[in-house]
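Residue numbers (this note's numbering), protein chains in the order written: chain A, 1 to 165; chain B, 1 to 149; chain C, 1 to 392; chain D, 1 to 271.
Every residue, glycine too, gets a C-beta built ideally from N, C-alpha and C.
Written out below as structure tokens is the structure these notes cover.
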Amino acid sequence: MLNAATFLHEGWGNVLIFAVFGVVFVWLNLFVIGKILLRRPNKPEQGQKGATYECGEPAIGDAWIRFDIRFYTLTLVFLVFDIEVALLFPWAAAYDVFIHGGSGGAAFVEVLLFLLVLGVGLAYVWARGDLQWTSTRPGRALPEEALKGGVVRVSEASQPEEAPR
Amino acid sequence: MTPAEALRSALPDAVEEATDAFVRVKAEKVVEAARVLREKCGAEMLHQISGVDRPPDKMEVVYHFARLKPAAFLCLKVSVPRSNPVVPTLANEWASANWGERETWDLLGIRFSGHPHPYRILLPEDWEGHPLRKDYAYPVEYHGVDCVE
Amino acid sequence: MTTIQGVRLDEGERAAPTLPRDILTEELVFNMGPQHPSTHGVLRVVLRTDGEVVREAQPLIGNLHRCCEKILESLTYVQGLPYVDRMDYLGALNMEMGLVLSVEKAAAVEVPKRAQYLRVILCEINRVISHLFAAGQFGLDMGAFTPFLYMFREREEGLTLLNEVTGGRLLYHYIRYGGVTRDVSDDWKRKCIAWCDQVAAHMDEYNNLLTYNHIFLNRTVGVAIIDRETALRYGATGPILRAAGVPRDLRKDMPYSCYEDFDFKVPVGPHDKGVVGDSWNRHRQRLLEIEESLKIIRQAITKLPAGDVSNPKVTRGWKAPEGEAYVASEAPRGEISCYFVSDGGKAPYRARMRGPSFYNISLLSETSRGLLIGDLIALMGSIDITLGECDR
Amino acid sequence: MTEATRPGRPSYMPPPERFDPEVEQTILLTKAEWLVDWSRKSALWPLGFGLACCAIEMISTAMTKFDISRFGAEVFRATPRQADVMIVAGTVTHKMAPRVQRLWDQMADPKWVIAMGACTVGGGPYFKYGYHVVKGVDKVVPVDIYLPGCPPRPEALLEAIMRLQELVEARSKRLNGKDPGYTPPEKGSRQAKKDGLSPVEPWETAKAHKFDDAKKKTEEDEAKAKAAAAAAKKAAAPAAGAEGASGAPAAPKPERPARPPKPPETPEGGA
Numbered sequence: 001m002l003n004a005a006t007f008l009h010e011g012w013g014n015v016l017i018f019a020v021f022g023v024v025f026v027w028l029n030l031f032v033i034g035k036i037l038l039r040r041p042n043k044p045e046q047g048q049k050g051a052t053y054e055c056g057e058p059a060i061g062d063a064w065i066r067f068d069i070r071f072y073t074l075t076l077v078f079l080v081f082d083i084e085v086a087l088l089f090p091w092a093a094a095y096d097v098f099i100h101g102g103s104g105g106a107a108f109v110e111v112l113l114f115l116l117v118l119g120v121g122l123a124y125v126w127a128r129g130d131l132q133w134t135s136t137r138p139g140r141a142l143p144e145e146a147l148k149g150g151v152v153r154v155s156e157a158s159q160p161e162e163a164p165r
Numbered sequence: 001m002t003p004a005e006a007l008r009s010a011l012p013d014a015v016e017e018a019t020d021a022f023v024r025v026k027a028e029k030v031v032e033a034a035r036v037l038r039e040k041c042g043a044e045m046l047h048q049i050s051g052v053d054r055p056p057d058k059m060e061v062v063y064h065f066a067r068l069k070p071a072a073f074l075c076l077k078v079s080v081p082r083s084n085p086v087v088p089t090l091a092n093e094w095a096s097a098n099w100g101e102r103e104t105w106d107l108l109g110i111r112f113s114g115h116p117h118p119y120r121i122l123l124p125e126d127w128e129g130h131p132l133r134k135d136y137a138y139p140v141e142y143h144g145v146d147c148v149e
Numbered sequence: 001m002t003t004i005q006g007v008r009l010d011e012g013e014r015a016a017p018t019l020p021r022d023i024l025t026e027e028l029v030f031n032m033g034p035q036h037p038s039t040h041g042v043l044r045v046v047l048r049t050d051g052e053v054v055r056e057a058q059p060l061i062g063n064l065h066r067c068c069e070k071i072l073e074s075l076t077y078v079q080g081l082p083y084v085d086r087m088d089y090l091g092a093l094n095m096e097m098g099l100v101l102s103v104e105k106a107a108a109v110e111v112p113k114r115a116q117y118l119r120v121i122l123c124e125i126n127r128v129i130s131h132l133f134a135a136g137q138f139g140l141d142m143g144a145f146t147p148f149l150y151m152f153r154e155r156e157e158g159l160t161l162l163n164e165v166t167g168g169r170l171l172y173h174y175i176r177y178g179g180v181t182r183d184v185s186d187d188w189k190r191k192c193i194a195w196c197d198q199v200a201a202h203m204d205e206y207n208n209l210l211t212y213n214h215i216f217l218n219r220t221v222g223v224a225i226i227d228r229e230t231a232l233r234y235g236a237t238g239p240i241l242r243a244a245g246v247p248r249d250l251r252k253d254m255p256y257s258c259y260e261d262f263d264f265k266v267p268v269g270p271h272d273k274g275v276v277g278d279s280w281n282r283h284r285q286r287l288l289e290i291e292e293s294l295k296i297i298r299q300a301i302t303k304l305p306a307g308d309v310s311n312p313k314v315t316r317g318w319k320a321p322e323g324e325a326y327v328a329s330e331a332p333r334g335e336i337s338c339y340f341v342s343d344g345g346k347a348p349y350r351a352r353m354r355g356p357s358f359y360n361i362s363l364l365s366e367t368s369r370g371l372l373i374g375d376l377i378a379l380m381g382s383i384d385i386t387l388g389e390c391d392r
Numbered sequence: 001m002t003e004a005t006r007p008g009r010p011s012y013m014p015p016p017e018r019f020d021p022e023v024e025q026t027i028l029l030t031k032a033e034w035l036v037d038w039s040r041k042s043a044l045w046p047l048g049f050g051l052a053c054c055a056i057e058m059i060s061t062a063m064t065k066f067d068i069s070r071f072g073a074e075v076f077r078a079t080p081r082q083a084d085v086m087i088v089a090g091t092v093t094h095k096m097a098p099r100v101q102r103l104w105d106q107m108a109d110p111k112w113v114i115a116m117g118a119c120t121v122g123g124g125p126y127f128k129y130g131y132h133v134v135k136g137v138d139k140v141v142p143v144d145i146y147l148p149g150c151p152p153r154p155e156a157l158l159e160a161i162m163r164l165q166e167l168v169e170a171r172s173k174r175l176n177g178k179d180p181g182y183t184p185p186e187k188g189s190r191q192a193k194k195d196g197l198s199p200v201e202p203w204e205t206a207k208a209h210k211f212d213d214a215k216k217k218t219e220e221d222e223a224k225a226k227a228a229a230a231a232a233k234k235a236a237a238p239a240a241g242a243e244g245a246s247g248a249p250a251a252p253k254p255e256r257p258a259r260p261p262k263p264p265e266t267p268e269g270g271a
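As structure tokens, then:
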């Protein structure tokens, strides 16, 4: 039951203090000192200040393009293993509890099982070649055997090297 | 085989004037002449393209080819009327002619027919006039920045 | 055909989708523009990439066009010389040689032997300094900052050496038609030989630091190969051509200014690592050329003949008689030559200067297809361009 | 040697930033502001922006022998967003001028410019016959420090940076009118307009950003000229008709010129 005593005892007091300090510090620096006292120059729209910087040139082409599919598969693979590591942290933190409880070995095997399952996913993606995120040879994103099979891979389709000019 | 003999034997009607330093060729035969220099005289690299403005009526394009073994420079000259200076392009066979001819067009106003990319190369696209001509008037102002103090 | 500010970019993939499934992914078009750490000056490259692989690179030059040829036609002979220095501000003395040799041949001006030897000594010091800068800059492009500092230590001493004789650190106006402006003292000769020994001693230090550095090897070996045929087709000369296996060095093939008196080797073609014509070979080529130049400097200093250093006939208002000439000489970045035409007037009628970087850059668009962007930087760093002589 | 009498001090100060009117009335802690300026002066990050020969001397200055890092300026930033000083090192040509202008706009305030080399100060060796060279970079960006030399020695660039540090440090004192060495220019002079101390007419600001709207303006002028010609033709036709009837009416008044005439150029104060 939350009341003043338990609030402070469980350490939420510290969290409150730090939160308040953080907010005040930022507000103080950005607005009070910067804007009012030290008169930070504020000229947002002078000439082409807002234009995107492209080495001194007016920006040609736009960044919001439908880029290659291989980047998408790569980010998915990264996401999976990122979460895997995130899940390992609590296990590692609580591992000594298992050891004292006598079932340290079982906990270890479970984690190995968990890693194995994800390892299979990695092996599949690796074999399929999607980790090869730059084309091995100009114009070819995949090793030769992937093409022989006549199956048009998504990433290979996006680089029609022989497309008629 | 010296360029003069090679060109006289291969293209008898094209050669207008031939000394030991250079060979003057008709404008429309310059591509064949370059090919003869490559095959017979061993010219392996187009070293330099220079345009020369000879007012009041002539303009010259001077090609220097480099021969590696034994090292020498073979000179080919083409003279065109100043009113309508057009020379067929060498850019399709000699890649170094691509930029050389663009610069000659940019600074001297000699057009190269059949050039894949006939834009100005050194000066901005909307620059008027060709500076290396003898009668070039210096610009007063360009895009708001005045050229003379 | 999309043309962006006069730049023609192939539009293969925007054509009708020829893919079995309608997956049309676009490509990123952007500028590696005039203000960029790795373009060595104001070169603008329009890039079309699909994220990492360069589909097409179109170099656009002209940002530093300083009207050198028009000025040479407007000023008198001696007044026009400083402008040629500013073409390749890293190898300024070799640029002066380019113009001076053509004019001397056309006007049949004879140059005393001592002046020719002095020209050789100072041009070779200038070449060593320029190659040190180029090698260090290439290391900087590949991410190694320390070798740049080490090489600059020798470069600064070389600059002070040149400063003592010519009066300028970077741009010298030292060579005149018919000779040079100032003689060298014995003390300077001793210092010059000491400097040569110092650079020679540090060469293996540079090699351990940069040339045989494992990361540098991975970044440059077999990357951005310019083969013999492409180099010749595009007119690329100098270290690029020699690294591609062509033994072409004007100091040996068409000797000028007493180069035939010195014996030195021309390093050519595939060096001990990498494929012929790749970025590593071009880098190694420059370091080997430094060692050769040091040999030339030592021989030239020991064999320096006596005599005056300039031709008295050439005064301030000197005019070249009618005639024309075309003489090429070996600058650090390639072959510089001047097609000089004179009509006897107070100024050259036409002085067409050939900047080697102008032709070295033109092969960028063909050799950069299919490279990664990091390898494109290796290509541009290894062909070592200065925009002053490219745009003139 | 007090601040005001130090030899070689520029007779006028560079343009201060223009401040928001509502900030003007608040009390000023000059001590705090001086502290920020004092710290800002020792961390002037130059924009890595070498054009020609002077860039090589700028690199030599950044190297170990002349060591620009003694002044905290060895961090050459590649993007203008993180740079404080734009050292324009090399010849600015007409093709490069809009890019220099754009880079200057894209730099974050407060920002300064060192015009390094004779070409940027006033066209240098290319003044007379250089048709493609801008005669001085101050036609493109407002310059703080002019550094002559072709190329200037690294020591000269270091002195330019020291001189700029004095200007940066004196910024707060100058703005509050407490800087003895700074005499504010008289009202309405070109220098006052550059300093932002007196109002600037619209066509004068247009001079600074001409590159992109130059084309737009020429099209507008042509359109107006066409309209004026059409109007004149229409007015002339009826006038000719009515000519005989009631004597010659006055010729139709010519169309007012599109742009108000520019006031005569006042002499440049002090520069």
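Is there a C-beta anywhere in chain C that falls below 8 angstroms from the one on R66 of chain A?
Taking Cβ atoms only, chain C reaches closer than 8 angstroms to R66 of chain A, which makes this a yes.
My guess is that L122 of chain B and I61 of chain C are in contact by the Cβ rule of under 8 angstroms, so how many angstroms apart are they, rounded?
Going by Cβ atoms, the distance from L122 of chain B to I61 of chain C rounds to 7 angstroms, so yes, they are a contact pair.
Is there a Cβ of chain D sitting closer than 8 angstroms to that of H130 of chain B, yes or no?
Residue-level contact by beta carbon fails for H130 of chain B and chain D, as no gap is shorter than 8 angstroms.
Three-state secondary structure (DSSP) of A86 of chain A:
Looking at A86 of chain A - three-state DSSP - the assignment turns out to be helix.
If you measure from the beta carbon of L158 of chain D to each beta carbon in chain C, is any gap under 8 angstroms?
Judged by the 8 angstroms Cβ criterion, L158 of chain D is not in contact with chain C.
Counting only C-beta atoms, is C147 of chain B closer than 8 angstroms to chain E at any point?
Checking the listed chains, one finds no chain E in this structure; the protein chains it contains are A, B, C and D.
CB contact flag (M116 of chain D, M63 of chain D, <8 angstroms):
Taking 8 angstroms as the cut-off, the beta carbon of M116 of chain D is found no closer than this to the beta carbon of M63 of chain D.
Using the Cα positions of Y95 of chain A and E154 of chain C, report the straight-line distance between them to the nearest angstrom.
Near 59 angstroms, if we compare the C-alpha coordinates of E154 of chain C and Y95 of chain A.
Closer than 8 angstroms, Cβ to any Cβ of chain D: which residues of the stretch 46–76 of chain C, in chain order?
Of all residues in the stretch 46–76 of chain C, G62, N63, L64, H65, R66, C67, K70, I71, S74 and L75 have a Cβ within less than 8 angstroms of some Cβ in chain D.
Would the beta-carbon of G370 of chain C fall within 8 angstroms of that of D68 of chain A?
In terms of Cβ geometry, G370 of chain C and D68 of chain A do not form a close pair [threshold 8 angstroms].
With DSSP as the reference, label K65 of chain D as helix, strand or coil.
K65 of chain D carries a coil assignment under DSSP once its states are collapsed to helix, strand and coil.
Does chain C have any CB closer than 8 angstroms to the CB of E45 of chain A?
E45 of chain A does not count as touching chain C.
Among B:P3, B:V78, B:R133 and B:V15, which has the Cα closest to the Cα of P56 of chain B?
For P56 of chain B, the nearest C-alpha among the options comes from B:R133.
Using the DSSP secondary-structure output, state which residues sit across from E60 of chain C in a beta bridge.
Checking the sequence, you will find Leu at residue 60 of chain C rather than Glu. In the DSSP output, where bridge partners are listed per residue, L60 of chain C has C:R44.
Start and end residues, alpha helix (DSSP H) containing C390 of chain C
Here the alpha helix (DSSP H) through C390 of chain C covers L387 to D391.
Examine chain D for any beta-carbon lying closer than 8 angstroms to the beta-carbon of L123 of chain B, and answer yes or no.
Under the Cβ distance rule, L123 of chain B counts among the residues neighbouring chain D, one pair being separated by less than 8 angstroms.
Between the C-alpha atoms of D20 of chain B and A325 of chain C, what's the straight-line distance to the nearest angstrom?
Each residue's Cα considered, the two are about 13 angstroms apart.
Identity of the residue in B:F73, B:A6, B:I110 and B:P118 nearest C338 of chain C by Cα:
Shortest Cα-Cα distance from C338 of chain C to any of B:F73, B:A6, B:I110 and B:P118 involves B:F73.
Among C:N126, C:Y77, C:E73 and C:V45, whose alpha-carbon lies nearest the alpha-carbon of S293 of chain C?
Distances from the alpha-carbon of S293 of chain C to those of C:N126, C:Y77, C:E73 and C:V45 put C:N126 closest.
By a C-beta neighbour count over all protein chains shown, 10 Å radius and 16 as the cutoff for buried, is I27 of chain D buried or exposed?
Unreliable placement is indicated for I27 of chain D, whose pLDDT of 43 sits below 50; the coordinate value is still reported in the next sentence. Result: exposed.
Between the alpha carbons of F148 of chain C and W45 of chain D, how many angstroms are there, rounded?
For the pair F148 of chain C and W45 of chain D, the Cα-to-Cα distance works out to about 20 angstroms.
Expected contact under 8 angstroms - CB spacing of S362 of chain C and W99 of chain B to nearest Å
Going by Cβ atoms, the distance from S362 of chain C to W99 of chain B rounds to 5 angstroms, so yes, they are a contact pair.
H64 of chain B (DSSP reduced to helix, strand or coil)
In this structure, H64 of chain B counts as strand in the three-state DSSP scheme.
Is the Cβ of F78 of chain A closer than 8 angstroms to any Cβ of chain C?
For F78 of chain A, no CB of chain C lies under 8 angstroms from its own CB, so it is not counted at the interface with that chain.
Is the CB-CB distance between W38 of chain D and E169 of chain D below 8 angstroms?
Judged by beta-carbon spacing, E169 of chain D lies within the 8 angstroms limit of W38 of chain D, meaning their Cβ atoms are closer than that value.
Could you give the distance in angstroms between the alpha-carbon of A232 of chain D and the alpha-carbon of V78 of chain B?
When rounded, the separation of the alpha-carbon atoms in A232 of chain D and V78 of chain B is 53 angstroms.
Kindly say whether L363 of chain C, judged by its beta-carbon, lies nearer than 8 angstroms to any beta-carbon of chain A.
Taking a beta-carbon distance threshold of 8 angstroms, L363 of chain C does not count as an interface residue toward chain A.
Going by DSSP, what residue range makes up the alpha helix (DSSP H) through S403 of chain C?
Nothing about residue 403 of chain C can be reported from this structure: the residues present for chain C run from 1 to 392 only.
Residues of chain B with a CB under 7 angstroms from the CB of Y131 of chain D: which are they?
Identification of chain B residues near Y131 of chain D by a Cβ-Cβ cut-off of 7 angstroms yields P131, Y138, P139 and C147, ordered along the chain.
Less than 8 angstroms between C-beta atoms, sequence neighbours within five positions excluded: which residues of the same chain meet that for L372 of chain C?
For L372 of chain C, where only same-chain residues beyond five positions count, the Cβ hits under 8 angstroms are E52, V53 and V54.
At the 8 angstroms Cβ level, is R40 of chain D part of the contact set with chain A, yes or no?
No, R40 of chain D lies away from the interface with chain A (no Cβ there is under 8 angstroms from its Cβ).
The stretch 204–237 of chain C: positions lying closer than 9 angstroms to chain B by Cβ:
Within the stretch 204–237 of chain C, the residues whose Cβ lies closer than 9 angstroms to some Cβ of chain B are T230, A231, L232, R233, Y234, G235, A236 and T237, listed in chain order.
Beta-carbon of V134 of chain D versus every beta-carbon of chain B: anything under 8 angstroms?
Closer than 8 angstroms to some Cβ of chain B, the Cβ of V134 of chain D qualifies, so yes.
Give the DSSP-derived three-state secondary structure of Y326 of chain C in the structure shown.
Three-state result, Y326 of chain C: strand.
Could you check the C-alpha separation between V309 of chain C and Q79 of chain C for me, to the nearest Å?
Their Cα atoms are separated by approximately 20 angstroms.
Mind listing the chain A neighbours of P356 of chain C? Cutoff is C-beta to C-beta under 9 angstroms, in chain order.
Simply none; closest approach about 25 angstroms.
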